[in-house]
Amino acid sequence: MSLAKRLKEARLEAGLSQERLGVIAGIDEMSASARMNQYERGKHVPDLSMVERLAPVLNVPAAYFYAADDDLARLLMMFHRLKHMDQKRLLAITEEMYNNKS
775 MSLAKRLKEA RLEAGLSQER LGVIAGIDEM SASARMNQYE RGKHVPDLSM VERLAPVLNV
835 PAAYFYAADD DLARLLMMFH RLKHMDQKRL LAITEEMYNN KS
């Protein structure tokens, strides 16, 4: 899935309009809606600094937008949304599984 599609899905899940997301991420109110629309249509690609401003507003890690695989993107999003202790627990379980592979 492309960055544009993931951006739109995350924005809709967050319940934000294109304009509101843009404004919260620091885009001028007069151009926020148009810029976000261009990003979501894939006409323009946001640079890394913009993605890093959008990600926390949408409660996803920036890496979510760049993952080459949808399953990996989903995993990144879910991991990001876990509490810190649950992240540590999941890492420990994953490490154990990795180290015990045959």
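Residue numbers (the working numbering): 775 to 876. In this text, a Cβ means the ideal position worked out from N, Cα and C, and glycines have one as well. Keep in mind the model is a prediction, meaning the values are calculated, not measured.
In the three-state reduction of the DSSP assignment, N833 falls in the coil class. Cβ-Cβ distances below 6 Å link L832 to A784, A788 in the same chain, with the five nearest sequence neighbours on each side left out; the list follows chain order. DSSP, reduced to helix, strand and coil, places G796 within a helical segment of the structure shown. Going by DSSP, I867 is part of the alpha helix (DSSP H) stretching over 858-873. Closest option to R855, judged by alpha-carbon separation, among Y838, Q812, E793, S805: Y838. Taking C-beta separations shorter than 6 Å and ignoring five residues to either side along the sequence, the partners of A836 in its chain run V825, E826, A829, following chain order. The Cβ-Cβ distance between G816 and S776 falls below 8 Å. Linking R863 to A778 through their CA atoms gives a straight-line distance of about 32 Å.
In the assembly as shown, L865 is an exposed residue. Its beta-carbon has fewer than 16 other beta-carbons within 10 Å.
With a 10 Å radius around the Cβ and a threshold of 16 neighbouring Cβ atoms, Y872 comes out exposed.
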